[in-house]
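FYI, the numbering for the sequence shown is 298 to 455, going by our numbering.
Notes follow once the structure below has been shown.
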Amino acid sequence: ATLEIDRAEGRRYGIGLARLAEAHSLMDRFQQGAIADLAPARSKVQEAYDVLWEFGFQPYVIRARLAVSNLNLLSGRLDEALSDIDEALDAADRGQMRLLYIDGQLEKARALLALNRPGDARHCVEAASSEAKIKGYHRHDGIVAALLKQCQMPPASR
Numbered sequence: 298a299t300l301e302i303d304r305a306e307g308r309r310y311g312i313g314l315a316r317l318a319e320a321h322s323l324m325d326r327f328q329q330g331a332i333a334d335l336a337p338a339r340s341k342v343q344e345a346y347d348v349l350w351e352f353g354f355q356p357y358v359i360r361a362r363l364a365v366s367n368l369n370l371l372s373g374r375l376d377e378a379l380s381d382i383d384e385a386l387d388a389a390d391r392g393q394m395r396l397l398y399i400d401g402q403l404e405k406a407r408a409l410l411a412l413n414r415p416g417d418a419r420h421c422v423e424a425a426s427s428e429a430k431i432k433g434y435h436r437h438d439g440i441v442a443a444l445l446k447q448c449q450m451p452p453a454s455r
């Protein structure tokens, strides 16, 4: 019986991750102009969040919360996006998940740039960059450089 429960939980975990991937794909298609409605992405990410939360997969719960923030950012719900990002950052910090913390700081920088707050955005990018250097995590070096450049541009140029 325990093996069956483990298998069922594994399937649910896989479903949660699949829904999260589907949501990201839909958001990418939205940004490319291939689709005009974010409702399917919102549904997928909510399902992912619910499944991952139910089974306590905290790193992916944080990833799902960041996906919700990205949806809110794309929908123009900037305050909600910041709230979701802050929730994800708090969870990543509490769980000492530094790589997720870096990702969250970069997401927060994007949201702050959308709110025309380049100084605050720069602070987030610098925090992410500093943490990445400590961890030897260079996957986002290009993103860090691009965001720092955006932080220095006048608002009309962004």
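Every residue gets a Cβ at the ideal spot worked out from N, C-alpha and C, and that includes glycine.
Note that the structure is predicted; figures quoted are calculated from it, not measured.
Pair within 7 Å by beta-carbon distance, residue i and residue j
i, j, result
"L370", "A361", "no"
"D381", "V365", "yes"
"A429", "I399", "yes"
"A388", "Q402", "no"
"E351", "R316", "no"
"R395", "K432", "yes"
Closest Cα partner of residue i within the set the options
i, options, result
"L386", "G439, P356, A443", "P356"
"K405", "R316, E351, L363", "L363"
"C448", "P415, F327, F352", "P415"
"R374", "A318, R407, A331", "R407"
"G353", "R309, F327, E319", "R309"
"L412", "A442, D438, D376, H420", "D376"
Own chain residues within Cβ distance below 7 Å of residue i, not counting five before or after
i, result
"I312", "V348"
"L368", "M324, L335, A338, R339, V342"
"I440", "L403"
"S372", "L335"
First and last residue of the uninterrupted alpha helix (DSSP H) at residue i
i, result
"R419", "415–432"
"A331", "Here A331 belongs to no alpha helix (DSSP H), and DSSP marks it neither H nor E."
Cut-off 8 Å between Cβ atoms - residues of its own chain near residue i, not counting five sequence neighbours on either side
i, result
"L410", "A418, L444, Q447, C448, R455"
"H435", "A429"
Spatial neighbours of residue i in its chain, beta-carbon cut-off 6 Å, leaving aside the 5 residues before and after
i, result
"I359", "A385, A388, A389, L397"
Start-end ranges of the alpha helix (DSSP H) lying completely within the region 345–411, minimum 4 residues: 355–371, 375–391, 395–411
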